[in-house]
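K.L.:
All the letters of the sequence shown, read from the start, carry residue numbers 289 to 518 under this note's numbering. Just so you know, even glycine gets a beta-carbon here, dropped at the ideal spot from N, CA and C. Handing you this structure, nothing more for now.
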Amino acid sequence: MATVELKKLLKIYPNRKGEGVKAVNEIDLSIRDREFMVLVGPSGCGKSTSLRMIAGLEDITGGEIRIDGKVINDVQPKDRDIAMVFQNYALYPHMSVYQNMAFGLKLRKYSKAEIDRRVKDAAEILGIEDLLQRKPAALSGGQRQRVAVGRAIVRKPKVFLFDEPLSNLDAKMRVSTRAEISKLHARLASTMIYVTHDQVEAMTMGDRICVMNGGDIMQVDEPLTLYNQP
Ligand code: ADP
Ligand code: ADP
289 MATVELKKLL KIYPNRKGEG VKAVNEIDLS IRDREFMVLV GPSGCGKSTS LRMIAGLEDI
349 TGGEIRIDGK VINDVQPKDR DIAMVFQNYA LYPHMSVYQN MAFGLKLRKY SKAEIDRRVK
409 DAAEILGIED LLQRKPAALS GGQRQRVAVG RAIVRKPKVF LFDEPLSNLD AKMRVSTRAE
469 ISKLHARLAS TMIYVTHDQV EAMTMGDRIC VMNGGDIMQV DEPLTLYNQP
């Protein structure tokens, strides 16, 4: 199980003027075990910064991040039980699909047999068994994003983070990949936090939706409750 709690989470980026840019303004958010939480809002509202702080890719200016009640502020990114999928896939171009998916496990000293099992299981779940020997350059955008998701799955993390994973895909591929991520959520029963600026994605995917604006949380509700508001 995994709950994620943000308590007075604050991010101020330094700037030349000295007072800094407040990107995330002491937000409080509790994400339930196995919940699919969508962070939605206009460009620049602090969604990505929030996600990157949870992943440990961005220093925290203030506040706390807790997973299952434990503060993880000082835990190294690679030691967090969290995997993240990026908008631009972030695959290693010189590695095969297999090596891309295996890399994080190798880094964490898993045995070859265990790595092989996990990579093949993930490839089967995502329907990319036939692509394992290819390089990223030989894949379509949709296939690359499946590999990026596969690289997250093999870690079997408690928490998945998605940062606008569909925004580089064409409309048709967006719809099918969106459905696949939803299916994956049901199958893996893990906690997922998903960032998008797309209302339709938010409404169709979220168990709950957290609406951000200007570094603040405006509202947290289920899709139907949000949708039926005047
Ligand atoms: P979103 O993901 O909602 O588009 P971001 O979290 O990327 O928003 O950005 C929030 C605010 O922080 C914006 O004002 C943005 O310009 C600023 N920002 C983001 N990253 C940096 C950075 N590395 N340095 C300085 N300011 C940044
Ligand atoms: P490295 O040279 O970095 O160790 P390899 O390309 O040798 O990486 O791959 C690591 C291991 O995974 C090797 O034992 C290799 O045989 C195995 N491997 C690579 N691709 C596949 C695949 N598609 N199916 C099964 N095993 C694979």
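1) With distances taken Cα to Cα, identify the nearest neighbour of D509 among G494, G503 and H485.
2) Is the beta carbon of T291 less than 8 angstroms from the beta carbon of D316?
3) Report the rounded CA-to-CA distance for A232 versus D409, giving the unit in angstroms.
4) Based on the DSSP secondary-structure assignment, which residues constitute the bridge partners of M325?
5) For the region 434–454 against the region 354–370, do three or more pairs of beta-carbon atoms, one drawn from each stretch, fall closer than 8 angstroms, so that the two count as touching?
6) So who's on the other strand from Y301, going by DSSP bridges?
7) Do G351 and E314 have their C-beta atoms closer together than 8 angstroms?
8) Cα-Cα, which of G334, A459, V328 and Q431 is closest to I300?
9) If you run the structure through DSSP and keep just helix, strand and coil, what is K295?
10) Say yes only if the C-beta of Y301 is nearer than 7 angstroms to one or more non-hydrogen atoms of ligand 1, and no if none qualify.
11) Is the region 482–490 close to the region 323–337, with three or more CB pairs under 8 angstroms?
12) Beta-carbon separation of T465 and G503 under 8 angstroms?
13) Between which two residues does the alpha helix (DSSP H) carrying L476 extend?
14) Let me know the secondary structure DSSP gives N388 once reduced to three states.
15) State the DSSP-derived secondary structure class of L514, mapped to helix, strand or coil.
16) Can you find a heavy atom of ligand 1 that lies under 7 angstroms from the Cβ of A343?
17) CB of V437 to nearest heavy atom of ligand 1: below 7 angstroms?
18) Hey, how far is the Cα of R396 from the Cα of N516?
19) Going along the chain, which unbroken runs of the beta strand (DSSP E) with 3 or more residues stay wholly within the region 339–375?
20) Using 7 angstroms as the cut-off, classify the Cβ of A311 as near or not near the heavy atoms of ligand 1, replying yes or no.
21) I believe Y386 touches Q421 by the beta-carbon criterion, under 8 angstroms. Please report the beta-carbon distance rounded to the nearest angstrom.
22) Compute every distance between the C-beta of K305 and the non-hydrogen atoms of ligand 1, then say whether any falls below 7 angstroms.
23) Give every residue of the same chain whose Cβ lies closer than 7 angstroms to the Cβ of S455, excluding the five residues on either side of it in the sequence, and list them in chain order.
P.N.:
The short version:
1) Along the sequence shown, one-based indexing puts residue 509 at 221. The shortest C-alpha separation from D509 is found at G494.
2) As a working mapping, residue 291 is identified with position 3 in the sequence shown. As a working mapping, residue 316 is identified with position 28 in the sequence shown. Cβ distance not < 8 angstroms, so T291 and D316 don't count as in contact.
3) Nothing can be reported for residue 232: it is not among the residues displayed for the chain, which extend from 289 to 518.
4) The residue given as residue 325 occupies position 37 in the sequence shown. Beta bridge pairing from DSSP links M325 with I481 and R496.
5) Two segments are said to touch when three or more pairs of C-beta atoms, one from each, lie closer than 8 angstroms; by this definition the region 434–454 touches the region 354–370.
6) For this step, residue 301 is matched to residue 13 along the sequence shown. Y301 pairs with V309.
7) Position 63 of the sequence shown, counting from 1, holds the residue named residue 351. Position 26 of the sequence shown, counting from 1, holds the residue named residue 314. Against a cut-off of 8 angstroms, the Cβ pair of E314 and G351 comes out as a contact.
8) Along the sequence shown, one-based indexing puts residue 300 at 12. Comparing Cα-Cα distances from I300 to each of G334, A459, V328 and Q431, the minimum goes to G334.
9) Start at 1 with the first residue of the sequence shown, and residue 295 comes out as number 7. K295: strand per DSSP, three-state reduction.
10) Your numbering for residue 301 matches position 13 in the sequence shown. Yes, the Cβ of Y301 comes within 7 angstroms of a heavy atom of ligand 1.
11) At 8 angstroms Cβ cutoff, the stretches touch.
12) To locate residue 465, count along the sequence shown from 1; it is residue 177. To locate residue 503, count along the sequence shown from 1; it is residue 215. With contacts defined by Cβ atoms closer than 8 angstroms, T465 and G503 do not form a contacting pair.
13) Counted from its first residue, the sequence shown places residue 476 at position 188. Where L476 is concerned, the enclosing alpha helix (DSSP H) stretches over A459 to L476.
14) For the purposes of this step, residue 388 is identified with residue 100 of the sequence shown, where counting begins at 1. Looking at N388 - three-state DSSP - the assignment turns out to be helix.
15) Here the question's residue 514 lines up with position 226 in the sequence shown. Residue state, collapsed to three classes: helix.
16) Counting from 1 along the sequence shown, the entry for residue 343 is found at position 55. Incorrect: A343 has no Cβ contact closer than 7 angstroms to ligand 1.
17) Here residue 437 is taken as the residue at index 149 of the sequence shown, counted from 1. Within the chosen limit of 7 angstroms, ligand 1 does not reach the beta carbon of V437 with any heavy atom.
18) As a first step, residue 396 must be located in the sequence shown, where it is residue number 108. As a first step, residue 516 must be located in the sequence shown, where it is residue number 228. The alpha-carbon separation between R396 and N516 amounts to approximately 46 angstroms.
19) Segments of the beta strand (DSSP E) lying fully in the region 339–375: 350–355 and 370–373.
20) As a working mapping, residue 311 is identified with position 23 in the sequence shown. Yes, since a heavy atom of ligand 1 falls inside the 7 angstroms radius drawn around the Cβ of A311.
21) Here residue 386 refers to the residue found at position 98 of the sequence shown. Here residue 421 refers to the residue found at position 133 of the sequence shown. 7 angstroms between Cβ atoms; contact.
22) On the sequence shown, position 17 is the one that residue 305 refers to. No, Cβ of K305 sits at least 7 angstroms from all heavy atoms of ligand 1.
23) Residue numbering aside, residue 455 sits at position 167 when the sequence shown is read from its first letter. Excluding sequence neighbours, S455 sits near Q375.
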